[in-house]
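I have placed the structure first, in the form of structure tokens, so that the comments after it can refer back to it.
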Amino acid sequence: MNQKIINLQTDLNEQLNFIDLEIDNEIKRCEKAIEITLKAKENLKNVVIKSQFKSQDEEIYFFKEIKPQFTSKIIYYNSILKIEMKKPNGGNRILKKYYNNELIKLKSFFDNELEFYKYFRSGNNYLDYKYFLRGKFDVKLALNSYYFETDTNFSTSHDYKVAKILANDLIQLYLENKLIMIENKGTTEKSQRQPNIKMMWTGSKVALTELLFALHTEGAFNNGAADLKDIAEYFEHIFEIDLGQYRRTFLEIKARKNDRTKFITTLNEKLLTRMNNSDEVL
Numbered sequence: 000m001n002q003k004i005i006n007l008q009t010d011l012n013e014q015l016n017f018i019d020l021e022i023d024n025e026i027k028r029c030e031k032a033i034e035i036t037l038k039a040k041e042n043l044k045n046v047v048i049k050s051q052f053k054s055q056d057e058e059i060y061f062f063k064e065i066k067p068q069f070t071s072k073i074i075y076y077n078s079i080l081k082i083e084m085k086k087p088n089g090g091n092r093i094l095k096k097y098y099n100n101e102l103i104k105l106k107s108f109f110d111n112e113l114e115f116y117k118y119f120r121s122g123n124n125y126l127d128y129k130y131f132l133r134g135k136f137d138v139k140l141a142l143n144s145y146y147f148e149t150d151t152n153f154s155t156s157h158d159y160k161v162a163k164i165l166a167n168d169l170i171q172l173y174l175e176n177k178l179i180m181i182e183n184k185g186t187t188e189k190s191q192r193q194p195n196i197k198m199m200w201t202g203s204k205v206a207l208t209e210l211l212f213a214l215h216t217e218g219a220f221n222n223g224a225a226d227l228k229d230i231a232e233y234f235e236h237i238f239e240i241d242l243g244q245y246r247r248t249f250l251e252i253k254a255r256k257n258d259r260t261k262f263i264t265t266l267n268e269k270l271l272t273r274m275n276n277s278d279e280v281l
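Under numbering that gives the first Met the number 0, the letters of the sequence shown match residues 0 to 281, in that order.
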């Protein structure tokens with residue numbers, strides 16, 4: 000794969016992570032994310048048009064795996080922006096109805112695209128030469144009208160549908176999390192089984208902050224869709240700890256002259272030592 004394309008993808012993810020750290024307001028964050036992703040996609044288009052794929056397999060891989068990663072982010076953030084801007088004012092019952100209606104809208108897309116959805120999710124590739132090669136469209140394959148208005152130098156008949164599937168997965172997760180948050184606000188009793196013992200974080204707050212940012216950067220929660228703020232509040236809740244100004248703490252961690260990932264480095268070293276201790280009984 001072209002190194003320029005890899006760099007564009009890496010830079011985009013880093014920029015989106017950065018604005019997630021810096022912007023708490025969902026609407027403003029979505030607006031900035033859309034702006035950044037549109038620019039990244041335009042740069043991606045320029046790279047593809049100026050260069051040539053080495054083989055049909057490389058072209059298929061790009062339009063099936065790479066381009067949808069960019070397009071799906073635009074679809075996702077634009078959808079969340081619309082959802083939040085249209086959100087009604089009201090209590091939990093009104094909000095639950097609103098978010099549930101949005102989930103129903105997502106289901107209608109899956110119902111309409113069920114055949115291709117099954118093809119993509121099952122990992123099939125026998126029709127990839129029709130779906131993901133430029134100029135190889137088949138009008139019998141349930142094409143959407145928008146395809147005929149796209150730039151055929153940078154589009155195939157189904158790369159947008161892949162992006163839509165990826166985006167809808169994240170939108171569904173977003174909506175389900177919103178509903179869970181509403182449920183949690185409306186009840187004082189936890190429905191899940193309580194552990195027999197209470198765990199306390201006895202390490203430093205700086206160490207927990209370092210771990211918090213590492214997990215968020217890795218996308219370890221909710222397929223990478225969880226906000227840093229939500230993860231921080233979750234940590235504070237389960238450990239009954241106040242992380243304070245954790246963003247400022249992160250800047251202090253970044254400013255370290257030696258071993259900026261001190262806690263994570265220590266975790267790695269101690270875990271490797273444990274693994275190497277063949278006499279340990281688990």
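For glycine and all other residues, C-beta sits at the position ideal for the given N, C-alpha and C.
**Study point:** Limits of the alpha helix (DSSP H) - the one that I263 falls within
**Key:** K261 to N275
Review point. Around the C-beta of E188, are 16 or more other C-beta atoms found within 10 angstroms, so that it is buried, or is it exposed?
Key: Below a pLDDT of 50, predicted positions are generally treated as unreliable, and E188, at 43, falls in that range; the measurement from the model is reported next regardless. When all chains shown are included, E188 counts as exposed.
Practice item. May I ask you to report which of helix, strand or coil DSSP gives T149? Key: coil
Review point. Which of the three DSSP states, helix, strand or coil, is assigned to P87?
Key: coil
Check your understanding: Considering L15, what are the terminal residues of the alpha helix (DSSP H) in which it resides?
Key -> Q2 to E21
Practice item. Taking all protein chains shown into account, decide if N167 is buried (16 or more other Cβ within 10 angstroms of its Cβ) or exposed. Key: buried
Check your understanding: How is E57 classed by DSSP in three states: helix, strand or coil?
Key -> helix
Exercise for review: For the alpha helix (DSSP H) holding L227, just list the boundary residues, first then last.
Suggested key: L227 to F238
Practice item. Go to F212, then tell me how far its alpha helix (DSSP H) extends in each direction, as first and last residue. Key: K204 to E217
Review point. Which class does R288 belong to by DSSP, given the choice of helix, strand or coil?
Key: It is not possible to answer for residue 288, since the shown part of the chain is limited to 0 through 281.
Exercise for review: Kindly list the residues whose CB is nearer than 8 Å to the CB of L242, restricted to its own chain and excluding five residues on each side of it in sequence; keep chain order.
Suggested key: K204, L207, T208, L211, A231, F234, E235 and T248
Practice item. Buried or exposed for Y125, please, with buried defined as at least 16 other CB atoms from any protein chain shown within 10 angstroms of its CB. Key: exposed
Check your understanding: Nearest CA to the CA of I82: which residue from H157, L174 and Q244?
Key -> L174
Exercise for review: Drop a sphere of 10 angstroms on the beta-carbon of R28, count the other beta-carbons inside from all chains shown, and report buried for 16 or more, exposed for fewer.
Suggested key: buried
Practice item. Count the other CB atoms, across all protein chains shown, that sit within 10 Å of the CB of F62; report buried if there are 16 or more and exposed otherwise. Key: buried
Check your understanding: Where does F108 fall in DSSP's three states?
Key -> helix
Practice item. Find out if the Cβ-Cβ distance for the pair Q312, L132 is shorter than 8 Å. Key: Past the boundaries of the shown model lies residue 312; the chain is included only from 0 to 281, so the question cannot be answered.
Review point. Which residues in the same chain as K31 place their Cβ atom closer than 8 Å to its Cβ, once the five residues preceding and following it in sequence are excluded?
Key: I18 and I22
Check your understanding: What's the gap between the Cα of N99 and the Cα of G89?
Key -> 15 Å
**Study point:** Classification of L271 by the beta-carbon crowding that lies within 10 angstroms, buried from 16 upward
**Key:** exposed
Practice item. Could you tell me how far apart the beta carbons of V46 and I4 are, in whole angstroms, since I believe they sit closer than 8 Å? Key: 6 Å
Point to revise | When K129, N152, E112 and I181 are compared against K160, the one with the closest alpha-carbon | key: E112
Review point. Does the beta-carbon distance from D150 to P67 come in below 8 Å?
Key: no
Review point. So R246 packs on K253, CB below 8 Å; how close in whole Å?
Key: Not quite, the Cβ-Cβ distance comes to about 11 Å (not below 8 Å), so this is no contact.
Exercise for review: Go through its chain and collect everything with a Cβ distance to Q2's Cβ below 6 Å, but skip five positions before and after it.
Suggested key: none
Exercise for review: Report buried or exposed for D127, applying the criterion of at least 16 other Cβ atoms within 10 angstroms of its Cβ.
Suggested key: buried
**Study point:** Proximity below 8 Å, CB of M199 to CB of F238
**Key:** yes
Practice item. Report the three-state DSSP secondary structure of K189 (helix, strand or coil). Key: No answer about K189 holds up, because its pLDDT of 48 lies below 50 and its placement is not dependable.
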